[in-house]
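Heads up: the structure comes next, in structure tokens.
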Amino acid sequence: MATGWRKKLRAIKTSAQENDFVDEGAYKLAKYVSDGEFSYEKYREIQTIGNKAKIGNQWVPEEHICILARILSERHPGPVRYGVCHGTRRGKEQEWFEKYLADGADVFGTEISDTATDFPKTIQWDFHERKAEWEGRFDFIYSNSWDHTYDPKLLFTTWASCLNKNGYLMIDHGWNYDPDRVDLLDAFGISETNLITLLNRECAEFGQVEDVIDGGHHKRLPIRTILFKALS
-2 MATGWRKKLR AIKTSAQEND FVDEGAYKLA KYVSDGEFSY EKYREIQTIG
48 NKAKIGNQWV PEEHICILAR ILSERHPGPV RYGVCHGTRR GKEQEWFEKY
98 LADGADVFGT EISDTATDFP KTIQWDFHER KAEWEGRFDF IYSNSWDHTY
148 DPKLLFTTWA SCLNKNGYLM IDHGWNYDPD RVDLLDAFGI SETNLITLLN
198 RECAEFGQVE DVIDGGHHKR LPIRTILFKA LS
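Reminder that position 47 of the sequence shown reads as 44 in this note's numbering, one-by-one numbering, no gaps.
Dropping the structure here:
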């Protein structure tokens, strides 16, 4: 089943032209233009195809989530009760956070594809959007899929607005998030340094970056995680 989706994804990636992207040097971003205008339908279709093509893949290992859960427990004042993992595909991230956080932690995941409901504690949801009841609710928000955004400012301000006092936004970074890795699936690329600058500039009303930690490895390559802390 995934073979057909992988062929579709390869065709999409190879069809990309230079004018499908905005390249500002500090970052690169796919535009998803159809008939001269941004096409949300095109974005959603490509992301869904990518999800189904990679449905058997798991990018971060359990060890990485174990490290993040420990750091979160050490730094967050009081118990960690509520969390969300955005763009989780198979739902392993929320499973592991619940495993390593204190008993009673309620963590769910979001996924734009209709495969979301095939996996525990995962809802089908576009991570650029926010439910009213999410505002100021979460002790932490985690993602290694933020590079699939079509609008980084919208994405990160939406997430930051969902943190409660002293909550943490935990954003992975590594070799595959740089601008030269961008395509029509992995839509946004930016260096770690420039991502920190972006978060501090666009989300200043909600908090600031507190730290960047070493979070283990993806295969042999390091994973770094930016910790953005909400205002107390």
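Note that CB positions come from ideal geometry on N, CA and C, so glycine has one too.
Proximity below 8 Å, CB of residue i to CB of residue j
i	j	result
Ala50	Pro76	no
Thr112	Asp169	no
Phe18	Ala8	no
Gly164	Ile64	no
Phe185	Leu160	no
Lys25	Ser31	no
Lys10	Asp177	no
Ile109	Gln44	yes
Identity of the residues DSSP links to residue i by a beta bridge
i	result
Pro219	His214
Val81	Phe105, Ile138
Gly204	Ala227
Beta strand (DSSP E) segment containing residue i, residue limits
i	result
Ile138	135 to 140
Phe18	18 to 20
Member of the options whose CA lies at the smallest distance from the CA of residue i
i	options	result
Val57	Asn141, Leu195, Glu38, Trp156	Asn141
Glu250	Ala13, Asp175, Asp32	Outside the displayed span of the chain (-2 to 229) sits residue 250, for which this structure offers no information.
Glu42	Ser70, Lys5, Glu34	Lys5
Phe137	Ile46, Thr154, Cys82	Cys82
Asp123	Gly106, Phe135, Gln14	Gly106
Trp131	Asp144, Thr0, Trp156, Ser110	Trp156
Tyr139	Asp183, Gln121, Phe94	Phe94
Ser36	Asn48, Tyr147, Ala13	Tyr147
Glu189	Ser158, Trp143, Arg217, Ala102	Trp143
Glu60	Glu90, Asn197, Glu34, Leu224	Glu90
Residue range of the alpha helix (DSSP H) that includes residue i
i	result
Leu196	189 to 199
Thr155	149 to 158
Leu26	Per DSSP, Leu26 belongs to no alpha helix (DSSP H); it is in the beta strand (DSSP E), 24 to 27.
Check whether the region 114 to 123 touches the region 74 to 88, taking contact to mean three or more Cβ pairs, one atom from each stretch, closer than 8 Å.
-> yes
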